[in-house]
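Undergrad: Residues in the sequence shown are numbered from 1 upward in steps of one, following the numbering used here. Glycine included, every Cβ here is placed at the ideal spot set by N, Cα and C.
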Amino acid sequence: MDQHYQNLVQKLEEIAHLNGVMSTLGWDQEVMMPAGAGEARAKQMAALAGVIHERMTDSALGDCLNELKEKNSDCLSEVERCNIREALHSYELEIKVPKRLVQELTELGSRGQGVWVMARQENKFSDFAPVLKRFLALKTEWAQCVSPDLRPYDANIDLFERGTTMDMITPLFERLKQTLIPLIEAIQNHPQQPDTSFLQGRFALDKQEALARKISQDIGFNIQQGRIDVSVHPFCGGSHPTDVRITTRYKDSDFIESLYSVIHETGHALYEQGRPYELGDVPAAESLTMGIHESQSLFWERMIAQGKPFCLHYFETIRATFPDNLKSATVDSFYRAINTCKPGFIRVEADEMTYPLHVILRYEIEKGLFDDSIRVDDLPGIWNELMQKYLGITPPTDTLGVLQDSHWSGGAFGYFPSYTLGAIYACQFYNTLKSEQPETETNITTGNFAPIKSWLNEKIHRQGRLYTPQELVQRVTGEALNPEHFIHYLTTKYSEIYQLA
Numbered sequence: 001m002d003q004h005y006q007n008l009v010q011k012l013e014e015i016a017h018l019n020g021v022m023s024t025l026g027w028d029q030e031v032m033m034p035a036g037a038g039e040a041r042a043k044q045m046a047a048l049a050g051v052i053h054e055r056m057t058d059s060a061l062g063d064c065l066n067e068l069k070e071k072n073s074d075c076l077s078e079v080e081r082c083n084i085r086e087a088l089h090s091y092e093l094e095i096k097v098p099k100r101l102v103q104e105l106t107e108l109g110s111r112g113q114g115v116w117v118m119a120r121q122e123n124k125f126s127d128f129a130p131v132l133k134r135f136l137a138l139k140t141e142w143a144q145c146v147s148p149d150l151r152p153y154d155a156n157i158d159l160f161e162r163g164t165t166m167d168m169i170t171p172l173f174e175r176l177k178q179t180l181i182p183l184i185e186a187i188q189n190h191p192q193q194p195d196t197s198f199l200q201g202r203f204a205l206d207k208q209e210a211l212a213r214k215i216s217q218d219i220g221f222n223i224q225q226g227r228i229d230v231s232v233h234p235f236c237g238g239s240h241p242t243d244v245r246i247t248t249r250y251k252d253s254d255f256i257e258s259l260y261s262v263i264h265e266t267g268h269a270l271y272e273q274g275r276p277y278e279l280g281d282v283p284a285a286e287s288l289t290m291g292i293h294e295s296q297s298l299f300w301e302r303m304i305a306q307g308k309p310f311c312l313h314y315f316e317t318i319r320a321t322f323p324d325n326l327k328s329a330t331v332d333s334f335y336r337a338i339n340t341c342k343p344g345f346i347r348v349e350a351d352e353m354t355y356p357l358h359v360i361l362r363y364e365i366e367k368g369l370f371d372d373s374i375r376v377d378d379l380p381g382i383w384n385e386l387m388q389k390y391l392g393i394t395p396p397t398d399t400l401g402v403l404q405d406s407h408w409s410g411g412a413f414g415y416f417p418s419y420t421l422g423a424i425y426a427c428q429f430y431n432t433l434k435s436e437q438p439e440t441e442t443n444i445t446t447g448n449f450a451p452i453k454s455w456l457n458e459k460i461h462r463q464g465r466l467y468t469p470q471e472l473v474q475r476v477t478g479e480a481l482n483p484e485h486f487i488h489y490l491t492t493k494y495s496e497i498y499q500l501a
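Dropping the structure here:
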């Protein structure tokens, strides 16, 4: 193998290992770290970010990439070409950003998380507003450094969903609003509403945890190379495909939230555990984009776990776990209850029909923050206005409104669109799976999830970063990303559940 390429791989693996340490520190901060350690952890993470930035901007890495860039690509394998292309992209992003800015972003992200948690607990947006203002200034400066030719918000979106811009997202979201807002209104006005009374009551936390662990492992989560813990906000983290850590939160009044957040995070975890790490800790083995990642979590949470076949398989297990609560329920009533469409304040608790509108609201707010049409201090009021406009409800507190998500406390502007892009991808992937494996729904009914996991491993997880999201979707489904699959799925499913004419 070419010496320059060997040197490149060595440097890329060292960076990946340092990023693994950073990821573990981030997990620890949310799950294990004592509350009083926030300032010290912020400094530790800022120092490590500085080291990673130095490695990623090392002139020796640049020399190596320049040599390889000139090489005839016909002499390289597909994996080698991918590693060079991705490393070059990352290198060019990094060298354009001063170390000072990298460290300030990291330190603010670490400190901002603690400020957000306290502001959320105390329902005081004004405590969090200065962090948000500073992040907007820093992320605008960052955007001008890395992509001066792009609008600042487009540069931020591109970080999570490469090649995607507001010009692509806005018409897509307008199409969804056009269908979903009247459909949700028709459902709310319908006299027949599913009975959800058996989902209310008290559900022992230890039983919730045991049920969530069982289902997570049934669908393929390898607990020998993973963990399930508790945090304020459910997430999937870890440092390597052999160390994948998911979290949830439990409430004794609601077992559905914790169960489905574990299934959602398990979808992310299966992607991470399914990556081709035998290629080494290199870009070709990494996950593709946030939208593709979300497609994997939503595939399991929505397409599989909220479907009738899944309910047929697990209903008796769930009823045996909570016999007093579910004694009068049936498979059909359970299926309808978990697929109730009811506007709520919290995004992570939203049903699949209202969820896209939560995302669209955040997208429109972020767009406004970056083009200066929205002021940070006005955010709580604007948030509440849009909630009323799209979902017909107004949050009574900022904790249930503008302060609910952790994303802005880490400066992750441009991430939210990935959730709904992911839902559209997931639906398209599921339709393709069913056409290639017509026995899919029978397999789910009998609890045979292995063929589904294997299909996802082969078609998506093991492809790493060899293709762009657009190329991957075309290769897997035979067509470009098409929102009509998602719209048809929601319209058909909810018209049946609510018996709409």
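Out of His190, Phe310, Val232 and Lys308, which has the shortest C-alpha to C-alpha gap to Gln499?
TA: The residue labelled residue 499 in the question sits at position 499 within the sequence shown. The option with the nearest alpha carbon to Gln499 is His190.
Undergrad: Can the beta-carbon of Leu403 be found less than 8 Å from the beta-carbon of Ala119?
TA: Residue numbering aside, residue 403 sits at position 403 when the sequence shown is read from its first letter. Residue numbering aside, residue 119 sits at position 119 when the sequence shown is read from its first letter. Against a cut-off of 8 Å, the Cβ pair of Ala119 and Leu403 comes out as a contact.
Undergrad: For a test of the three-state rule: what should DSSP assign to His233, helix, strand or coil?
TA: Here residue 233 is taken as the residue at index 233 of the sequence shown, counted from 1. In this structure, His233 counts as coil in the three-state DSSP scheme.
Undergrad: Is Leu490 near Met353, with beta carbons less than 8 Å apart?
TA: Against the sequence shown, residue 490 aligns to sequence position 490. Against the sequence shown, residue 353 aligns to sequence position 353. It is a contact, given that the beta carbons lie within the stated cut-off.
Undergrad: Using 8 Å as the threshold, is the stretch 169-189 in touch with the stretch 318-331, meaning 3 or more CB pairs across them?
TA: Segments in contact, no.
Undergrad: At which residue ranges does the stretch 239-292 contain complete beta strand (DSSP E) runs of 3 or more residues, listed in the order of the chain?
TA: Whole beta strand (DSSP E) segments, 3+ residues: 243-248.
Undergrad: Lys367: buried (16+ other C-beta within 10 angstroms of its C-beta) or exposed?
TA: Counted from its first residue, the sequence shown places residue 367 at position 367. Burial call: buried.
Undergrad: Checking 8 Å against the spacing of the C-beta atoms, do Ala284 and Arg462 come in under that value?
TA: Within the sequence shown, residue 284 is the residue found at index 284, counting from 1. Within the sequence shown, residue 462 is the residue found at index 462, counting from 1. Not a contact, by the Cβ cut-off of 8 Å.
Undergrad: Quick one, which of Val473, Leu400 and Leu369 has its alpha-carbon nearest Lys133's?
TA: Along the sequence shown, one-based indexing puts residue 133 at 133. Here the closest residue by C-alpha is Leu369.
Undergrad: For the alpha helix (DSSP H) containing Gln208, list its first residue and its last residue.
TA: Within the sequence shown, numbered from 1, the residue matching residue 208 stands at position 208. Element bounds for Gln208: Leu205 to Asp218.
Undergrad: If you draw a straight line from the C-alpha of Leu386 to the C-alpha of Val51, how long is it?
TA: On the sequence shown, residue 386 is found 386 positions in, with the first residue counted as 1. On the sequence shown, residue 51 is found 51 positions in, with the first residue counted as 1. Taking the straight line from one Cα to the other gives about 42 Å.
Undergrad: In the DSSP assignment, find the alpha helix (DSSP H) that holds Gln200 and state where it starts and stops.
TA: Here residue 200 refers to the residue found at position 200 of the sequence shown. Note, Gln200: premise wrong, no alpha helix (DSSP H); not H, not E.
Undergrad: Take Phe429 as the anchor and find which of Asp372, Glu294, Thr106 and Phe334 has the nearest alpha-carbon.
TA: Position 429 of the sequence shown, counted from the start, is the residue given in the question as residue 429. Cα-wise, what sits closest to Phe429 is Glu294.
Undergrad: Could you check the C-alpha separation between Phe173 and Ile360 for me, to the nearest Å?
TA: Counting from 1 along the sequence shown, the entry for residue 173 is found at position 173. Counting from 1 along the sequence shown, the entry for residue 360 is found at position 360. Cα to Cα, Phe173 sits roughly 7 Å from Ile360.
Undergrad: Within the same chain, show all residues whose beta-carbon is closer than 6 Å to that of Glu107, passing over the 5 residues directly before and after it, in chain order.
TA: As a working note, residue 107 is residue 107 in the sequence shown. Taken in chain order, the residues that qualify are Ala42 and Ala46.
Undergrad: Mind checking whether Val473 and Tyr415 have CB atoms under 8 Å apart?
TA: Taking the sequence shown and counting its residues from 1, one reaches residue 473 at position 473. Taking the sequence shown and counting its residues from 1, one reaches residue 415 at position 415. No, these two residues do not count as a Cβ contact at 8 Å.
Undergrad: Measuring CB to CB, does Leu312 end up less than 8 Å from Thr442?
TA: Taking the sequence shown and counting its residues from 1, one reaches residue 312 at position 312. Taking the sequence shown and counting its residues from 1, one reaches residue 442 at position 442. Taking 8 Å as the Cβ cut-off, Leu312 and Thr442 do not qualify as a contacting pair.
Undergrad: Where do the N-terminal and C-terminal ends of the alpha helix (DSSP H) with Cys341 fall, by residue?
TA: Taking the sequence shown and counting its residues from 1, the one referred to as residue 341 is at position 341. Here Cys341 belongs to no alpha helix (DSSP H), and DSSP marks it neither H nor E.
Undergrad: Would DSSP call Gly478 helix, strand or coil?
TA: For this step, residue 478 is matched to residue 478 along the sequence shown. It is coil, neither helix nor strand.
Undergrad: At the level of alpha carbons, what is the spacing between Ser126 and Thr248?
TA: For the purposes of this step, residue 126 is identified with residue 126 of the sequence shown, where counting begins at 1. For the purposes of this step, residue 248 is identified with residue 248 of the sequence shown, where counting begins at 1. Cα to Cα, the separation comes out at about 28 Å.
Undergrad: For the candidate residues Pro152, Leu48, Lys342 and Gly478, whose alpha-carbon lies nearest to that of Ser435?
TA: Within the sequence shown, numbered from 1, the residue matching residue 435 stands at position 435. Of Pro152, Leu48, Lys342 and Gly478, the residue nearest in Cα terms is Gly478.
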